Ligand SMILES: Nc1ncnc2c1ncn2[C@@H]1O[C@H](COP(=O)(O)OP(=O)(O)OP(=O)(O)O)[C@@H](O)[C@H]1O
Ligand SMILES: [Mg+2]
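Residue numbers (my numbering), protein chains in the order written: chain A, 1 to 320; chain B, 321 to 593.
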């Protein structure tokens, strides 16, 4: 067949124009997405760099296993006495204590409301409650911080006094409970999605065998949804660990090494804030320690998020 | 065979067949079903005969599944669905207040269009029903029920070495037989099957059809199917539906060889549907 033979069906088109258009669109989109990616890489790089600088001054083991946190280094070289100690353990335990209180409080409430919403609530109730819960997630955390410092903490302290408990005005309990309220919508909304993703055919199978609604939820729906629920709890934990404003306002600055929820504790995020606010000498170990803490926090939440998302994704695939 | 010809609202006719051999176990009388304001079934009058296979046929959307789901009150699960009229199982009205749907569904089991094993082991899939109904106090008895059900469903040879493996790991046809085993493990009287072979290949379908024929000895089976050949092969009675009305009911042989209604004739010869 020769080239210039005329065809009745024309499929040749004008390649040049279409190809250029496609290319422009593709590169433009690539550019847009690389802004976010490059920024992330930049942040990570500076974080890593400063963290290395910090570990030139303070040993890695002292940081990771040291039991005392008091980052006051000498401001002038001739000053004596305060050389600073950078043991992160009290910060880590403080963070874990508060996160644990938050999860302990939020897990049952979040899960039960998810089960209620997904399985029991009528359409009308669902239409009201779900947006309300999601509204809760949209409240700025500084407002929760307020709430913790001005209402929860005094309330706990007053209540404690009445029953003979000493609860300091800044306590892990106040911060943990408020943070719990903050993450309830996160847990309930994610778990609600997971429960809804359990196929209707499994419910039908169970009802068809004569199971009651409670039996169906307990024996079929929850077991099928457990991996996804675990994923949503991990995401919530990672959120709690990274939360700052509430703890700044409610938990205090005292780096106490304690498991007592009635005492003031401090967290990794709070210390980063206090280290970097105000006038700081950039090269000092004190300032650099903030980067080390940030790096540490980043690694932990990154791991938690990756594991959680893996679990949730895997779970979703299972039923597609 | 005598038939009573009754005019209905559309001016067409319903054929009701009397005196079909065998004992009637379910009687539906004047059953209307609504989804919200929309009526899906109109004045359904139907008898289901014991230890026989009854197939429900008709074009898509004519209400076959809706009727099937009436028999074990699965329509209760759909909030918009409302059923009126009377359905009697062994001379008891299944909508009577003293009826427990849990007990009803134990007696009237169901197999669905798509195989839907629980994401549990093969053993636990079968044991699910007996456990919730407290039918088997001891592990030994439960083991026996599991084995007996799998044998009756023709799955024992294939499954006996992997009882602790997930039921979802079986092939489609095996999964459907697992679902049948799961349904018969609670000793039902009636088994409802909604297009149980539509997701299966011809070989798996043949196995299920063979199984249905065996199960007829112990159970009464009502099956929805889109395959005329299947209805002709496995059922003793056939009901043809059209747009929410029962058009014709009778012995399968009669329906396929000498349909009385023109719509039935058109449907089975492939002209509507
Ligand atoms: N859950 C529901 N909500 C509202 N309407 C429904 C619902 N289920 C079925 N219907 C309607 O009721 C009518 C009968 O539906 P049904 O599922 O019983 O038909 P069918 O004969 O089983 O069809 P098919 O052969 O396609 O399975 C249809 O018009 C359908 O749209
Ligand atoms: Mg159907």
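The beta carbon of each residue, even a glycine, is placed where N, CA and C say it ideally should be.
Note that the structure is a prediction, hence the values are computed from the model and not measured.
Per the C-alpha coordinates, the member of A:302, A:20 and A:220 positioned closest to residue 239 of chain A is A:302. For residue 399 of chain B, the nearest CB of chain A lies under 9 Å from its own CB, placing it at the interface with that chain. Only residues of its own chain outside the window of five on either side were considered, and among them 98, 175, 267, 269 and 270 have a CB closer than 7 Å to the CB of residue 247 of chain A, listed in chain order. In terms of Cβ geometry, residue 413 of chain B and residue 443 of chain B do not form a close pair [threshold 9 Å].
At least one beta carbon of chain A lies nearer than 9 Å to the beta carbon of residue 425 of chain B. For the stretch 434 to 460 of chain B, the beta-carbon criterion of a distance under 7 Å to any beta-carbon of chain A is satisfied by 434, 436, 438, 439, 448, 449, 452 and 453. With a cutoff of 8 Å, residue 375 of chain B does not count as near ligand 2, since its C-beta is closer than that to no heavy atom of the ligand.
Along the length of the stretch 359 to 383 of chain B, whole beta strand (DSSP E) runs at least 3 residues long occupy 373 to 377, reported in chain order.
Sixteen is the threshold: when 16 or more other Cβ atoms of the shown chains lie within 10 Å of the Cβ of residue 513 of chain B, as they do, the residue is buried.
Taking 9 Å as the cut-off, the Cβ atoms of residue 140 of chain A and residue 249 of chain A do not count as close.
Distance between residue 353 of chain B and residue 211 of chain A, taken at the CA atoms: about 24 Å. Annotation: residue 120 of chain A to residue 70 of chain A spans about 52 Å, alpha carbon to alpha carbon.
Not one beta carbon of chain B lies nearer than 9 Å to the beta carbon of residue 161 of chain A. At least one heavy atom of ligand 2 falls within 8 Å of the beta-carbon of residue 433 of chain B.
In the DSSP assignment, residue 550 of chain B falls within the unbroken alpha helix (DSSP H) covering 548 to 554. If you compare the alpha carbons of B:371, B:358 and B:383 with that of residue 567 of chain B, the shortest gap goes to B:383.
Residues of chain A whose Cβ lies closer than 7 Å to the Cβ of residue 466 of chain B do not exist, since the nearest Cβ in that chain is about 14 Å away. Restricted to the stretch 380 to 414 of chain B, the beta strand (DSSP E) segments that are unbroken, complete and at least 3 residues in length are 401 to 409, listed in chain order. Around the Cβ of residue 400 of chain B, a 10 Å sphere holds fewer than 16 other Cβ atoms; the residue is exposed. Listed in chain order, the alpha helix (DSSP H) runs fully inside the stretch 99 to 162 of chain A are 123 to 138, 141 to 147 and 153 to 162, counting runs of at least 4 residues. One Cα belongs to residue 262 of chain A, the other to residue 96 of chain A, and the distance between them is close to 15 Å.
Using a cutoff of 8 Å, the CB of residue 546 of chain B counts as near ligand 1, since one of the ligand's heavy atoms is closer than that. A Cβ-Cβ contact shorter than 9 Å links residue 497 of chain B with residue 475 of chain B. Near chain B, meaning a CB-to-CB distance below 7 Å, the residues of the stretch 177 to 211 of chain A are 201, 202, 204, 205, 207, 208, 209, 210 and 211. Taking the Cβ of residue 358 of chain B as the reference point, every heavy atom of ligand 2 lies at 8 Å or farther away. For the stretch 208 to 234 of chain A, the residues whose beta carbon sits under 8 Å from a beta carbon of chain B are, in order, 208, 209, 210, 211, 212, 215, 219, 220, 223 and 224. Per DSSP, the beta bridge partners of residue 349 of chain B are B:406. Taking residue 408 of chain B as the centre and dropping the five residues before and after it, the same chain places the C-beta of 347 closer than 6 Å to its C-beta, in chain order. Closest by C-alpha distance to residue 453 of chain B, out of B:551, B:528, B:546 and B:424, is B:424. For the pair residue 415 of chain B and residue 389 of chain B, the CB atoms are not nearer than the 9 Å cut-off. Relative to ligand 2, residue 16 of chain A has its C-beta separated by 8 Å or more from all heavy atoms. Judged by the Cβ position, residue 192 of chain A fails to qualify as a neighbour of ligand 2 at the 8 Å threshold, every heavy atom of the ligand being at least this far. About 7 Å separates the beta carbons of residue 197 of chain A and residue 228 of chain A, which is inside the 8 Å limit, making them a contact pair. Within the same chain, 554 come within 7 Å of residue 533 of chain B by CB-CB distance, once the 5 residues on both sides are set aside. Residues of the same chain with a CB within less than 6 Å of the CB of residue 560 of chain B, apart from the 5 flanking positions on each side, are 377, 378, 567, 568 and 584 in chain order.
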